[in-house]
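In this text, residue positions in the sequence shown follow my numbering: the first is 25, and each later residue adds one. The beta-carbon is built from N, C-alpha and C at its ideal position, and this holds for glycine as well. Just so it is clear, the structure is predicted and the values come from calculations on it, not from any experiment.
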Amino acid sequence: MTTTLAFFSNKVGVGKTTLVYHLAHMFADLGRRVLLVDLDPQCKLTEMCLSEDSLLAVWQEAHAGAGTSFGCLHPLMFESGDVRTPQLIEVSSGVQLLPGHLGLSTFDDPLADAWSGALGGGDSAFRRLSAFHRLALSARRAEEEPELVLIDTGPTLSPINRAAVLAADFIVTPLSPDVTSIQGLKNLGTVLHSWRKGWQERVARNAALIPLPPGRLLPLGYVAMQTRMRRSQQMGGIDYRGSSIAEAYASTWFGQAAASTDGGADPSCLGVMRHYHTLMPLALDAQRPMFHLRPADGAIGSRMDYVRTCAADIRTLARSFLDKIDAPAPA
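Here it is as structure tokens:
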């Protein structure tokens with residue numbers, strides 16, 4: 025069985041793509057088959073996974089082939105075709121990638137038109153709105169079906185992201201401990217509730233005999249991103265341990281105050297992703313996760329100790345995800 029997670033935040037620079045990349049490789053280290061789907065028009069995840077030469081080669085074939093998410097969906101969005109079967113790239117053992125493309129941003133208008141058109145029950149509208157869902161289904165039919173599909177989205181409330189989160193089983197929200205992130209979460213909650221309600225209204229009018237996503241927009245939880253902070257921000261009482269994020273998240277998703285934990289961890293918090301200041305530049309140069317860095321990559325002396333700490337931290341975070349994903353659904 026495959027579980028699809030959409031990583032979604034409407035704040036730029038929160039570290040979402042770094043989180044997705046490292047979780048994918050840690051999930052693979054823990055024995056899970058993972059598919060990365062880059063639906064962010066900025067394509068940062070694709071850049072992290074591929075060398076510059078490989079990236080250029082993939083993009084040169086984007087219109088003609090199915091080597092990117094853009095190429096797979098272009099015939100459906102602008103022509104009379106349908107979703108192409110994706111050609112996946114092996115990033116590392118257990119991790120595959122469907123690369124993104126800068127042209128994804130051109131899908132906003134067709135998807136916005138389809139959202140309006142679906143109220144009339146039009147077949148073409150539902151084909152477009154379900155495109156990312158059916159693309160993920162097509163990728164699952166590979167020789168070795170992935171157990172986890174991780175979707176990286178852009179930091180906007182765009183029609184592309186609406187279609188992307190509708191395609192997911194669960195939504196993961198990376199949050200940084202600052203006022204703008206918490207306010208953005210409140211705005212995000214309003215939009216997500218509107219999307220869920222709007223999708224259910226449209227599905228009821230569907231006459232198309234195609235697979236449609238349920239569009240339940242279920243939250244898996246949030247990850248507290250421990251970014252660099254000024255002292256003034258740290259003194260504001262908003263940190264990954266504090267109540268502000270927990271209260272905002274509970275209010276956004278469940279319409280209620282956060283459950284009392286008697287000083288314990290927030291059950292909606294999947295864990296913390298630290299900054300690892302000195303490791304990330306080395307990882308980008310080596311094109312490997314921070315916890316896979318070797319002395320040849322520059323991880324020597326105390327940095328190697330930091331690599332081991334990073335591995336332990338992200339392993340704990342990944343296991344927290346798997347515990348929730350593998351838990352039996354409530355009756």
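Rounded to the nearest whole angstrom, the CA to CA distance from L79 to E71 is 7 angstroms.
Between the alpha carbons of I234 and R158 lies a gap of roughly 9 angstroms. In this structure, T26 lies near P170, with their beta-carbon atoms less than 8 angstroms apart. Taking C-beta separations shorter than 7 angstroms and ignoring five residues to either side along the sequence, the partners of L143 in its chain run R226, R229, following chain order. Positions of the beta strand (DSSP E) runs, each at least 3 residues long and wholly inside the segment 171 to 226, are given as 172 to 176, 194 to 199 in order along the chain.
Secondary structure of T276 (DSSP, three-state): helix.
Under the three-state reduction of DSSP output, S116 falls in the strand class. Around the beta carbon of N34, 16 or more other beta carbons sit within 10 angstroms, so the residue counts as buried. Excluding sequence positions up to five before and after M297, its CB lies within less than 6 angstroms of the CB of L43, V247, M249, all in the same chain and listed in chain order. Residues of the same chain with a CB within less than 6 angstroms of the CB of A48, apart from the 5 flanking positions on each side, are V58, L60, V119, L174 in chain order.
Annotation: D62 is outside any alpha helix (DSSP H); the continuous beta strand (DSSP E) that includes it extends over 58 to 62. Taking a contact to require three or more Cβ pairs closer than 8 angstroms, the segment 195 to 208 and the segment 90 to 101 do not qualify as touching. About 12 angstroms separates the beta carbon of V82 from that of P110, a gap too long to meet the 8 angstroms contact definition. Contact annotation: F31 and T177 have beta-carbon atoms nearer than 8 angstroms.
In the DSSP assignment, the residues bridged to R298 are Q250.
By alpha-carbon distance to R339, the top candidate from L29, E114, G55 is G55. Membership of A30 in the beta strand (DSSP E) is indicated by the continuous run 27 to 31. Between D106 and the set K221, L74, C96, the nearest pair of CA atoms involves C96. Distance check between I113 and each of G127, D290, G145, A163 places A163 closest, using alpha-carbon atoms only. Here A187 has L135, L153, A155, F156 as same chain residues with Cβ atoms under 7 angstroms from its own Cβ, once five neighbours each way along the sequence are excluded.
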